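Residue numbers (this note's numbering): -13 to 247.
Heads up, the beta-carbon is just placed ideally off N, CA and C, and yes, glycines get one too.
On a predicted model such as this, the values are computed, not experimentally measured, just so you know.
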């Protein structure tokens, strides 16, 4: 039984030497005596010649790389940027990238990190610090376009790039904060001044309206109008004027005529 098990294990090992398995999300770079071949092994089981042929497996799935870079803006302000880059090896060119650059570690160290830093420096130099904040979408699109073009020469595809965090030196941040406070104070002062002007205009217009009303009232005032107003407000009882010796009923017409100039 021991000999049978040992024989099966040896046979299985020998059989495995003649085959290789490429897992999902990978491509196999076939090498013959160390020389990279043009054939790329897709996912699945593939026969190989032991000793003469070897296979290097590379992941072609989307990889995430976080990079921190420093650059200078157009107005010579220091810009610190944290970038999240999603990328993958172009499957049809897996053998070329392995031959020219190497595995994933070599790709990141030699190609991706330097490319991101150089593109960020080139793009940030085209914008002032204020524009980097206000035109962040344009900055991101320009970085994406330049980086995609640069990495495609190295058989790497860019899936997405995000400017996770963009910040400046403390001195510049303090200056921006002071400027915003000054602008807010100026806007508040303008609002207060405008409110005072509007209130003054309203008072002037009210005074003009009251003066015009008084003028119209003086021009239209007549005994008949006063009599009518008195009658409209009359409660039905004739008013009495009480003196020291006697009382008499007040004559409305006499009162009106006496008070009309």
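| query | So the alpha helix (DSSP H) residue -13 belongs to, where does it begin and stop? | reply | Position 1 of the chain shown holds residue -13. First-last for residue -13: undefined, no H or E at that position.
| query | Would you call residue 115 buried or exposed, if buried means 16 or more other Cβ atoms sit within 10 Å of its Cβ? | reply | Working through the chain shown from its first residue, we reach residue 115 at position 129. Per the 10 Å Cβ criterion, buried.
| query | If you draw a straight line from the alpha carbon of residue 77 to that of residue 173, how long is it in whole angstroms? | reply | Sequence index remark: in the chain shown, residue 77 carries index 91 (1-based). Sequence index remark: in the chain shown, residue 173 carries index 187 (1-based). Distance between the alpha carbons of residue 77 and residue 173 is about 58 Å.
| task | Kindly indicate which three-state DSSP category residue 18 falls into: helix, strand or coil? | result | Translated into the one-based positions of the chain shown, residue 18 becomes position 32. Reduced to three states, the DSSP call for residue 18 is strand.
| task | For residue 47, count neighbouring Cβ atoms within 10 angstroms of its own Cβ and tell me buried if that reaches 16, exposed if not. | result | Within the chain shown, numbered from 1, the residue matching residue 47 stands at position 61. That one is exposed.
| Cα separation between residue 63 and residue 150? | For the purposes of this step, residue 63 is identified with residue 77 of the chain shown, where counting begins at 1. For the purposes of this step, residue 150 is identified with residue 164 of the chain shown, where counting begins at 1. Taking the straight line joining both Cα atoms gives about 19 Å.
| residue 183 - DSSP class collapsed to helix/strand/coil | Your numbering for residue 183 matches position 197 in the chain shown. Residue 183 falls in the helix class under three-state DSSP.
| Same chain, Cβ closer than 7 Å to residue 58, five either side skipped, listed in chain order | Sequence index remark: in the chain shown, residue 58 carries index 72 (1-based). Once the five neighbours on either side are set aside, the close Cβ partners of residue 58 are 64, 65, 110 and 111.
| task | Identify, in the order they occur along the chain, each residue of the same chain with its Cβ nearer than 6 Å to the Cβ of residue 158, setting aside the five sequence neighbours on each side. | result | In the chain shown, residue 158 corresponds to position 172, counting from 1. 63, listed in sequence order.
| task | Entirely within the segment 33 to 89 and at least 3 residues each: give me those beta strand (DSSP E) ranges in chain order. | result | 39 to 45, 49 to 58 and 64 to 75
| query | By Cβ distance below 8 Å, which residues in the same chain neighbour residue 250 in space, the five residues on each side in sequence not counted? | reply | The question about residue 250 has no answer here: the residues shown for the chain are numbered -13 through 247.
| Near residue 145, what residues of its chain come up, given a Cβ to Cβ distance below 8 Å and the 5 sequence neighbours on each side ignored? | Walking along the chain shown from the start, residue 145 turns up at place 159. The answer, listed in chain order, is 48, 72, 73 and 74.
| field | residue 112 - DSSP class collapsed to helix/strand/coil | value | Numbered from 1 along the chain shown, position 126 holds the residue referred to as residue 112. Note: residue 112 maps to coil in three-state DSSP.
| said: Does residue -6 come out as helix, strand or coil in the three-state DSSP assignment? | reply: Indexing the chain shown from 1 puts residue -6 at position 8. DSSP places residue -6 in helix when its eight states are reduced to three.
| task | Would you list, in sequence order, the uninterrupted alpha helix (DSSP H) runs of no fewer than 4 residues that lie entirely inside the segment 98 to 158? | result | If we require 4 residues or more, the alpha helix (DSSP H) runs fully inside the segment 98 to 158 come out as 99 to 110, 115 to 120 and 122 to 138.
| field | C-beta atoms of residue 53 and residue 41 nearer than 8 Å | value | Here residue 53 refers to the residue found at position 67 of the chain shown. Here residue 41 refers to the residue found at position 55 of the chain shown. No.
| query | Hey, quick one: how far does the beta strand (DSSP E) through residue 5 stretch, first residue to last? | reply | Here residue 5 is taken as the residue at index 19 of the chain shown, counted from 1. Unbroken beta strand (DSSP E) run through residue 5: 5 to 8.
| task | Keeping to the same chain, check which residues put their C-beta closer than 7 Å to that of residue 18; ignore five residues upstream and five downstream. | result | Walking along the chain shown from the start, residue 18 turns up at place 32. Only 38 and 39 meet the Cβ criterion.
| query | Taking the alpha-carbon positions, what's the residue 148 to residue 55 distance? | reply | The residue given as residue 148 occupies position 162 in the chain shown. The residue given as residue 55 occupies position 69 in the chain shown. Going from the Cα of residue 148 to the Cα of residue 55 covers about 13 Å.
| request: Whole angstroms is fine: what's the gap from residue 122's alpha carbon to residue 187's? | output: On the chain shown, residue 122 is found 136 positions in, with the first residue counted as 1. On the chain shown, residue 187 is found 201 positions in, with the first residue counted as 1. Take the alpha-carbon of residue 122 and the one of residue 187: they are about 44 Å apart.
| task | Identify, in the order they occur along the chain, each residue of the same chain with its Cβ nearer than 7 Å to the Cβ of residue 245, setting aside the five sequence neighbours on each side. | result | Working through the chain shown from its first residue, we reach residue 245 at position 259. Legend: pLDDT at residue 245 = 49, less than 50; position of this residue unreliable, no value from coordinates given.
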